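S.K.: The opening position of the sequence shown corresponds to residue 1 in this note's numbering, with each subsequent residue numbered one higher. We put the CB at the ideal spot given by N, CA and C, even for glycine. It should be emphasised that the depicted structure is a prediction, and the values quoted were computed from it without experimental measurement.
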Amino acid sequence: PKSFKRCARKMPTVYILLLIVSALLWYFLFSKNERRSLPPGPIRIPIVGYLPFLKPNIILSTLKQLRLRYGNVFTIYLGNTPAVVLNDYASIKEMFGKAEVSARPVMHAQTMLTEGEPRGLIYTSGTLWQEQRRFSIKHLKGFGFGKNDMETLIKRELYPLMNNLSDSCGLPIDIQDSLSIPILNIIWSITTGHNLSHGNINFIRFLKVLNENLEYLMELYMLSFLPWYLFDMIPGSFYHYDRIMSNHIWFMDYVRNLVKEHKSTYKEDNMRDYIDCYLREIYSHDRTVKGSTTFSETQLLYNIGDLFLAGAETTTTTLRFCILYLLYYPEAQSRIQKDIDLVLSKDEEPSLSDRAQLPYLEAFIAEVQRIANIVPLSLFHYTSAPVQLDKYTIPKDCVVIGNFDSVHRSPEIWEDPDQFKPERFLSDEGRFTTPNGFIPFSIGKRQCLGELMARAELFLFMAFMLKEFIFEVPVTCSLPSLKPRAGVITHPEPFKVLLRKRKPAVIS
């Protein structure tokens, strides 16, 4: 009969619906069991988790709303991977201090850029990461990260910057490139023994590569938590794949040629830079040790890339934010300059030894780091074994994220956290002090290995510039926005500034 035929035709649809409903029931029941040991959090969508709601331009406000609902520690899902988000200083300090939370997740986005497996200093784990980090800290100290050589190296790059800025006095300028050159050259000379001039075409391309990839990578990292079969279905244009790869290939070819040049001029009794020391480690292992090693030319290339990514762009961006806040708070600029005039004569140049005598300058820089929050979220940590946090058991293979923005804006730590107040970093006696909860360089086993260099650069650059110049908004421009552009690193919107040569105050 016709009714039977109609029923038969509908059966495949019924079976499909039953299959979908059964799969969803199984999924949510399994998810509920898994969640029992994890901190609370929003419901996850099958396969994609909470990813659709984590858009880079609103991710911080999204996490803030989740914190208000679920507390300081909550769980979201990146695809099928649980991610525990830590929003308070105590939890971040505890978890990031554990060896079991010092690994990195293996992400499609990263292995696409590192020849199929984790390499470098930032995204590696275990023995590979430990050996490479230990080696890098040791040898970077020998070429400028050590206290004795640090100031000389920084000042060598500061002198041409000051000349360039003097030539620009009275003109509206975008100061970004002027700051990028010396900061980049500091890490470049330590690593490669070379310097890049302002007009060098490779330097211009290098800055473009850094800026573009940092802007695009957050979205790519989030998408890489999707199952590989879904990730491969997403058009590369959606996350700027072609541009990222083009930039990456250019940079790796450039660094590969530098290593090739070093190999052709290598002398074991003349270590010129980080590359030479790394080559010596490779050659030494080849002669004396049989078996596996974490040292290779390929690993060297990615170490160099990570040193630039971590060591150049964050410091330049912090300096740009410092200048932006000088425009908003001219009274802070005047106070810093008054202090400098009290400490230094007209012909004296600032030194790292002046830090204790210029506490307000140190406080100003720290407050910019806090409120601008250049790195608002930690890089993803990953659990290599189950770990306990309060009443929760965080399982193996779980992502852990530190929300530094939440800590740096916490009213439990900072009075009026949304207000710019450098004085919060001064003790009652007027000395510079950093309270618990100030973590611009992260904390724990993955803390930034270039922190000492970055702090020295920030102090000397600001002291040198403020001793000689007054920063003002050009009359042809409006006051630039303080609202940053989102990304792995937050950036201020491009802005112009006018420099005037200042006359030191006469101190009676």
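Find out if the Cβ-Cβ distance for the pair Ile340, Leu377 is shorter than 9 angstroms.
M.R.: no
S.K.: How is the beta strand (DSSP E) around Leu549 delimited, first residue to last?
M.R.: Given that the chain is displayed from residue 1 to residue 508, the structure contains no residue 549 and the question cannot be resolved.
S.K.: Classify Asn303: buried if its beta carbon has 16 or more other beta carbons within 10 angstroms, exposed otherwise.
M.R.: buried
S.K.: Going residue by residue through the region 244-294, where are the continuous alpha helix (DSSP H) segments of at least 4 residues, counting only ones entirely within it?
M.R.: 274-288
S.K.: So what's Val106 in DSSP terms, helix, strand or just coil?
M.R.: coil
S.K.: According to DSSP, which residues form a beta bridge with Gln65?
M.R.: The partner list for Gln65 (beta bridge, DSSP) is empty, contrary to what the question assumes.
S.K.: For Met95 and Ala385, what's the separation of their Cα atoms in angstroms?
M.R.: 12 angstroms
S.K.: Near Phe438, what residues of its chain come up, given a Cβ to Cβ distance below 7 angstroms and the 5 sequence neighbours on each side ignored?
M.R.: Ala366, Arg370
S.K.: What number of angstroms, rounded off, separates the C-alpha of Ser406 from the C-alpha of Ser102?
M.R.: 21 angstroms
S.K.: If we ignore side chains and look at the alpha-carbon of each, how far apart do Asn403 and Gln419 end up?
M.R.: 19 angstroms
S.K.: Checking 9 angstroms against the spacing of the C-beta atoms, do Leu165 and Ser180 come in under that value?
M.R.: no
S.K.: Measuring only the C-alpha atoms, how far is Met462 from Ala356?
M.R.: 15 angstroms
S.K.: Can you give me the Cβ contacts of Arg134 inside the same chain, cut-off strictly under 8 angstroms, excluding the 5 residues immediately before and after it?
M.R.: none
S.K.: If you follow the alpha helix (DSSP H) that Leu324 is in, where does it begin and where does it stop?
M.R.: 313-328
S.K.: Out of Tyr89, Leu452, Ile190, point me to the one whose CA is closest to Glu157's CA.
M.R.: When only C-alpha atoms are compared, the closest one is Ile190.
S.K.: Quick check for students: name the residue ranges of the alpha helix (DSSP H) that lie wholly in the region 414-480, counting only runs of 4 or more.
M.R.: 451-468
S.K.: Expressed to the nearest angstrom, what Euclidean distance is found between the alpha-carbon atoms of Phe251 and Met107?
M.R.: Near 21 angstroms, if we compare the C-alpha coordinates of Met107 and Phe251.
S.K.: Considering only C-alpha positions, which residue in the set Ile154, Ile59, Tyr77, Ser136 is nearest to Leu460?
M.R.: Ile154
S.K.: Just curious, the alpha helix (DSSP H) that Ile401 is in, first and last residue?
M.R.: Ile401 -> not in any alpha helix (DSSP H); beta strand (DSSP E) instead, spanning 399-402.
S.K.: Tell me the DSSP secondary structure of Tyr239 in three-state form.
M.R.: helix
S.K.: Whose CA, out of Ser427, Leu479, Leu499, Leu498, lies closest to the CA of Pro492?
M.R.: Ranked by Cα distance from Pro492, the first of Ser427, Leu479, Leu499, Leu498 is Leu479.
S.K.: Leaving out five residues on either side along the sequence, give the residues of the same chain with a beta carbon under 7 angstroms from the beta carbon of Arg256.
M.R.: Leu301
S.K.: Might you give, ordered along the chain, the residues of its own chain that have their beta carbon closer than 8 angstroms to the beta carbon of Arg205, omitting 5 neighbours on each side?
M.R.: If we look at Arg205 and ignore the five residues flanking it on each side, its Cβ neighbours are Trp250.
S.K.: Does DSSP classify Ala385 as helix, strand or coil?
M.R.: Here Ala385 sits in coil by DSSP.
S.K.: Within the same chain, show all residues whose beta-carbon is closer than 8 angstroms to that of Gly305, passing over the 5 residues directly before and after it, in chain order.
M.R.: Contacts found: Gly120, Phe251, Met252, Val255.
S.K.: Going along the chain, which residues of its own chain have a beta-carbon closer than 8 angstroms to the beta-carbon of Lys208, five neighbours each way excluded?
M.R.: Asn247
S.K.: Could you have a look at Phe96 and say whether DSSP puts it in helix, strand or coil?
M.R.: helix
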